[in-house]
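Trainee: Just so we're aligned: 138 in UniProt numbering is position 138 of the sequence shown, and the numbers increase by one with no gaps anywhere.
Here a beta-carbon is modelled for each residue, glycine too, at the ideal position from N, C-alpha and C.
Pasting in a structure now, in structure tokens, and then I'll have a few things to ask.
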Amino acid sequence: MSEGLFSDTPLDPAQQRHWFQMRRSLVQFHRLVVPMREAVSGLMRRENDVVGPRLYPYFQDIYDHILRVSESTDALRDLVATIVETNLSLRDFRQNQVMKKVTSWAAIVAVPTLITGYYGMNVPYPGSGQQWGALTAVGLVVVLSAFLYVLFRRREWL
1 MSEGLFSDTP
11 LDPAQQRHWF
21 QMRRSLVQFH
31 RLVVPMREAV
41 SGLMRRENDV
51 VGPRLYPYFQ
61 DIYDHILRVS
71 ESTDALRDLV
81 ATIVETNLSL
91 RDFRQNQVMK
101 KVTSWAAIVA
111 VPTLITGYYG
121 MNVPYPGSGQ
131 QWGALTAVGL
141 VVVLSAFLYV
151 LFRRREWL
């Protein structure tokens with residue numbers, strides 16, 4: 001299970017559904033075992049005098065088995081719950097990684113859009129009609145886009 005959980009590809013919904021069904025089955029089984037434990041414990045009380053001295057060791061053995069089964073179902077239920085929680089955490093982590101990349105590319109695309117939008121206005125602005133104005137716009141687009149690309153690359157967002 002752990003290999004599938006920590007692989008690079010997300011788990012398919014059928015596997016997730018299987019884990020949820022396993023957890024539900026363990027909970028239902030535990031609900032059956034706990035009353036059985038209480039019933040056997042009640043029969044074994046000496047003040048009730050239901051179980052004779054010859055049968056007492058057998059009931060003690062049954063009670064020990066029921067305790068072991070109860071503890072095992074608790075442990076398995078916790079394990080399945082941990083697997084489900086880990087799967088959800090890993091899915092959220094993968095989604096955050098994708099969101100970082102999308103956000104980074106959106107920021108890189110937004111800079112040229114902003115600059116070309118400013119220089120594309122039909123009103124006079126500094127450098128309007130001059131060659132250095134167009135070069136400044138192209139330079140800003142290239143430099144700021146490259147800066148954002150390097151910045152996001154160093155942060156491992158791209």
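Along the chain, where does the alpha helix (DSSP H) that runs through S104 open and close?
Mentor: As a position in the sequence shown, residue 104 is number 104, starting the count at 1. Looking at the DSSP string, the run of the alpha helix (DSSP H) that includes S104 is Y56 to Y119.
Trainee: Whose C-beta lies closer than 7 Å to the C-beta of K101 among residues of the same chain, with five residues either side of it excluded?
Mentor: By 1-based counting over the sequence shown, the position of residue 101 is 101. Hits under 7 Å: W157 and L158.
Trainee: Give the straight-line distance between the Cα atoms of M121 and S89, rounded to the nearest whole angstrom.
Mentor: For this step, residue 121 is matched to residue 121 along the sequence shown. For this step, residue 89 is matched to residue 89 along the sequence shown. Rounded to whole angstroms, M121 to S89 spans 47 Å at the Cα level.
Trainee: For a test of the three-state rule: what should DSSP assign to P13, helix, strand or coil?
Mentor: Numbered from its first residue, the sequence shown carries residue 13 at position 13. It is helical.
Trainee: Does the beta-carbon distance from T82 to F29 come in below 8 Å?
Mentor: Translated into the one-based positions of the sequence shown, residue 82 becomes position 82. Translated into the one-based positions of the sequence shown, residue 29 becomes position 29. Not in contact: T82 and F29 (Cβ atoms no closer than 8 Å).
Trainee: Can you tell which of V111, P126, Y118 and Y119 has its C-alpha closest to the C-alpha of Y149?
Mentor: Mapped onto the sequence shown, residue 149 falls at position 149. Closest by alpha carbon: V111.
Trainee: How far does the alpha helix (DSSP H) with G129 in it extend, from its first residue to its last?
Mentor: Stepping through the sequence shown from its first residue, residue 129 is reached at position 129. Run containing G129: none; DSSP gives neither H nor E here.
Trainee: What whole-angstrom Cβ distance do R23 and V80 have, given they're in contact under 8 Å?
Mentor: Start at 1 with the first residue of the sequence shown, and residue 23 comes out as number 23. Start at 1 with the first residue of the sequence shown, and residue 80 comes out as number 80. Indeed they touch by this definition, with Cβ atoms about 4 Å apart.
Trainee: From H65 to R94, what distance separates their C-alpha atoms?
Mentor: Taking the first residue of the sequence shown as position 1, residue 65 is located at position 65. Taking the first residue of the sequence shown as position 1, residue 94 is located at position 94. Rounded to the nearest angstrom, the two C-alpha atoms are 43 Å apart.
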